[in-house]
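Protein chains: 2
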Amino acid sequence: MSYYDITQVAEETGLTAHTLRYYEKESLVPEVPRDSGGRRRYGDLHLRVLKFVNALRATGMPIREVKRYLVLYETGEQTFDERLELLKSHREIVKEQLSSVKANLRIIDLKIKSYEKIGAPK
Amino acid sequence: MSYYDITQVAEETGLTAHTLRYYEKESLVPEVPRDSGGRRRYGDLHLRVLKFVNALRATGMPIREVKRYLVLYETGEQTFDERLELLKSHREIVKEQLSSVKANLRIIDLKIKSYEKIGAPK
DNA sequence: CTATTTGTTAGAGTGCACTCTAAGTCAACT
DNA sequence: AGTTGACTTAGAGTGCACTCTAACAAATAG
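Here it is in structure tokens:
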């Protein structure tokens, strides 16, 4: 079992030290133990959770929803069903967003083609 | 040629009247003429532009960039090349975002599958 | 031993995109 | 003529997700 300081975790996760402290304050990470000097000592669990949090955030899950997931996670195995539902519902939202973006990208693509063809749009 | 009031345009575009006024203040629409009573009279051009603005916004283009596009549009045909570049560069950004979201969605999907299979994630 | 770096906290500030409020005007209905 | 409702403006407020500041403590480098 290895431990990491905030700078290492920042590098590993792509988050800033500031953001890591903010995520902790917002309960987006399991409790982070401190060393004798009061500094954060992250473990492998934290790293794994933070990477999953990144996946949730990168797909547009709001902070308060990520927090809800983490609270369920911390509560224990009796929350499996609820966590599963949360993730499945998020997945549907993301899928809808994806197809919306794709549809709008097609509109932009048509405009680009009209600029390229006639040099002027209608 | 038909004219529309702010309520009709709100319905057609899915934007609120508030947002339409805000977009106008931010120069995201060509100039909107007023009637004798000072009320907005939108034409077909406005409707078409607003729908395209919606496509740009729905794909994550920031307000200031949409505004830049509109200013070029208003400036005239000598800006065709610049508008084309702006749209093409936006298209690339959107494509990258799409693949990032898809990659992260796969991570979430794996987690869902692990919840479904063993009822418990590692 | 001193200076620098890296961390700590609570809390304030930032940027974005709306979203709403207040105070007022104007048209249409009763 | 009065009331309702939709509109007008400038500007303030909101929610989100950071991002930064100030003041301080501790570890390391010279």
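As you go down the protein sequences, you meet chains A and B in turn.
Under this note's numbering, think of the first position of the first sequence as 1, with each following residue one higher.
Under this note's numbering, think of the first position of the second sequence as 123, with each following residue one higher.
From the three backbone atoms N, C-alpha and C, an ideal C-beta is built for every residue, glycine too.
Source: prediction; values computed, not measured.
(1) In whole angstroms, what separates the C-alpha of R40 (chain A) from that of L142 (chain B)?
(2) Exposed or buried, which one is R156 (chain B) when buried takes at least 16 other CB atoms within 10 Å?
(3) Hey, how far is the Cα of K122 (chain A) from the Cα of T129 (chain B)?
(4) Tell me the residue span of the alpha helix (DSSP H) that contains T138 (chain B).
(5) Just to check my reading of the structure: I108 (chain A) and L209 (chain B) have Cβ atoms closer than 8 Å, yes? What is that Cβ distance to the nearest angstrom?
(6) I'd like to know if K67 (chain A) contacts chain B, where contact means its C-beta is closer than 8 Å to some C-beta of that chain.
(7) By the 7 Å beta-carbon criterion, what residues does the stretch 138-170 of chain B contribute toward chain A?
(8) Among B:V188, B:V223 and B:E196, which residue has its Cα nearest to the Cα of S211 (chain B)?
(9) By alpha-carbon positions, which one of B:L178, B:Y126, B:G136 and B:D127 ends up nearest to I112 (chain A)?
(10) At a Cβ threshold of 8 Å, is V223 (chain B) touching chain A?
(11) DSSP beta-bridge partners for R34 (chain A)?
(12) Give the interface partners of L181 (chain B) over in chain A, defined as CB-CB distance under 8 Å, in chain order.
(13) Can you tell me which of the three DSSP states Y3 (chain A) falls into?
(14) Relative to the C-alpha of E199 (chain B), which candidate in A:S100, A:G43, A:I118 and A:A10 has its C-alpha closest?
(15) To the nearest angstrom, how far is the alpha carbon of M61 (chain A) from that of E238 (chain B)?
(16) Which word fits T75 (chain A), buried or exposed, when buried means at least 16 other C-beta atoms lie within 10 angstroms of its C-beta?
(17) Please tell me whether V175 (chain B) and L194 (chain B) are closer than 8 Å, where the distance is taken between their beta carbons.
(18) Under 8 Å, CB to CB, which of the residues in the stretch 76-96 of chain A have a partner in chain B?
(19) Determine whether the Cβ of K233 (chain B) lies closer than 8 Å to any Cβ atom of chain A.
(20) Beta-carbon within less than 7 Å of A132 (chain B)'s beta-carbon, same chain only, minus the 5 sequence neighbours each way: which residues are those?
(21) Can you check whether the C-beta of S2 (chain A) is within less than 8 Å of a C-beta belonging to chain B?
(22) Can you tell me whether R205 (chain B) is buried or exposed, with buried defined as 16 or more other CB within 10 angstroms of its CB?
To lay it out plainly:
(1) Whole-angstrom Cα-Cα distance: 48 Å.
(2) Burial call: exposed.
(3) With a pLDDT of only 46 at K122 (chain A), under 50, the local geometry of the prediction cannot be trusted, and the value read off the model is given with reservation. Whole-angstrom Cα-Cα distance: 26 Å.
(4) For T138 (chain B), no alpha helix (DSSP H) encloses it, and the DSSP letter there is neither H nor E.
(5) Contact flag correct, Cβ pair sits at about 6 Å.
(6) Not closer than 8 Å to any Cβ of chain B, the Cβ of K67 (chain A) fails to qualify, so no.
(7) Those would be none; no residue qualifies.
(8) Checking every option, the nearest Cα to that of S211 (chain B) belongs to B:V188.
(9) Nearest C-alpha to I112 (chain A): B:L178.
(10) Closer than 8 Å to some Cβ of chain A, the Cβ of V223 (chain B) qualifies, so yes.
(11) Beta-bridge pairing by DSSP links R34 (chain A) to A:R40.
(12) One point to set straight first is that residue 181 (chain B) is Thr, not Leu, in the sequence displayed. Close to T181 (chain B), with beta-carbon spacing below 8 Å, are these residues of chain A in chain order: V101, N104, L105 and I108.
(13) Three-state result, Y3 (chain A): coil.
(14) With distances taken between Cα atoms, E199 (chain B) lies closest to A:I118.
(15) Cα to Cα, the separation comes out at about 21 Å.
(16) Exposed: under 16 other Cβ atoms inside 10 Å.
(17) Going by C-beta atoms, V175 (chain B) is not nearer than 8 Å to L194 (chain B).
(18) Those would be E77, F80, R83, L84, L87, K88, H90, R91, V94 and K95, in chain order.
(19) Yes, because at least one Cβ of chain A sits closer than 8 Å to the Cβ of K233 (chain B).
(20) Contacts found: T138, A139 and L142.
(21) The beta-carbon of S2 (chain A) is placed no less than 8 Å from the nearest beta-carbon of chain B.
(22) Burial is judged here by how many other beta carbons sit within 10 angstroms of a residue's own beta carbon; R205 (chain B) has at least 16 and is buried.
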